[in-house]
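Comments concern the structure below.
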Amino acid sequence: MPWQLDGKDFIRVWTDYYAAVEQLVSHLMSLFAVAMNLPVTAFDAALDKHGSSMRAILYPKLTQADFESGHVVRSPEHTDWGCVTVLLADPDVSGLEVCDKDGQWTPLQPVKRNSLVVNLGELLQWWTGGQWLATPHRVLARPENAGERLSCPYFGLVNREVILRPLLSDNGAEGESSITAGEFFQNHEKYTSRACRHAADSRTEVLEKR
Numbered sequence: 001m002p003w004q005l006d007g008k009d010f011i012r013v014w015t016d017y018y019a020a021v022e023q024l025v026s027h028l029m030s031l032f033a034v035a036m037n038l039p040v041t042a043f044d045a046a047l048d049k050h051g052s053s054m055r056a057i058l059y060p061k062l063t064q065a066d067f068e069s070g071h072v073v074r075s076p077e078h079t080d081w082g083c084v085t086v087l088l089a090d091p092d093v094s095g096l097e098v099c100d101k102d103g104q105w106t107p108l109q110p111v112k113r114n115s116l117v118v119n120l121g122e123l124l125q126w127w128t129g130g131q132w133l134a135t136p137h138r139v140l141a142r143p144e145n146a147g148e149r150l151s152c153p154y155f156g157l158v159n160r161e162v163i164l165r166p167l168l169s170d171n172g173a174e175g176e177s178s179i180t181a182g183e184f185f186q187n188h189e190k191y192t193s194r195a196c197r198h199a200a201d202s203r204t205e206v207l208e209k210r
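Each residue of the sequence shown is one higher than the one before, starting from 1 at the first, in UniProt numbering.
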């Protein structure tokens, strides 16, 4: 896709930042492997030719009229379907929230300038047999944080040809057979294990009771 903005500096900064976060994700996956009692290089092959993407998301400034019915949902509750997401969030305008296992929403802002937020995705959840859960998150706006908000998430993926087999379960993810990452990307809802769905259902029950 051709660049929509002129300026070599913009292209250089964007590609340099992408390369830096790409390297960071590689380091994170090595640390994850150690935490799972796997070889430190366990994910190296999967990260080769990974096809990760990065976006710049601009949320427009809101007016008081936008808040007549309460807060504004800039981005509804969701989980990312990739492996790991690294987010450079706007330090000046809050709104990002994460949901814990008890159904409690916690604001992550204001964050320190140039700090990064790391979310786990559905692919890593499946890969670990549901033991490492994807992070439900959303973006809300309230009158006190109604300004324009810029977010730059890097969506870390793996090679589509890599064979995925649940890593932390002796019997796999509730009996699921091995699949390729490409198959998971195309049908990620289908391949989310019953254990993972149970965790999500439990979280929903908590929210409904509140």
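We treat Cβ as the ideally placed atom computed from N, Cα and C, and that holds for glycine. Source: prediction; values computed, not measured.
| Query | Result |
| --- | --- |
| Buried or exposed for Pro166, please, with buried defined as at least 16 other CB atoms from any protein chain shown within 10 angstroms of its CB. | buried |
| Straight-line CA distance for Arg55 to Leu87? | 10 Å |
| May I have a chain-ordered list of the beta strand (DSSP E) segments no shorter than 3 residues that lie completely inside the stretch 64-102? | 72-78, 84-88, 96-99 |
| Can you look up Arg210 in the DSSP assignment and give me helix, strand or coil? | At Arg210, the pLDDT of 33 sits below 50, so the modelled position is not reliable; the number obtained from the coordinates is stated separately. Of the three classes helix, strand and coil, the one that applies to Arg210 here is coil, per DSSP. |
| Taking Thr135 and Val98 to be in contact with their CB atoms under 8 Å, please state how far apart those CB atoms are, rounded to whole angstroms. | 6 Å |
| Use the C-beta contact count for Arg142: other C-beta atoms within 10 angstroms, 16 or more gives buried, fewer gives exposed. | exposed |
| Kindly indicate which three-state DSSP category Trp132 falls into: helix, strand or coil? | coil |
| When you compare the CB positions of Glu122 and Asp80, do they come within less than 9 Å of one another, or not? | yes |
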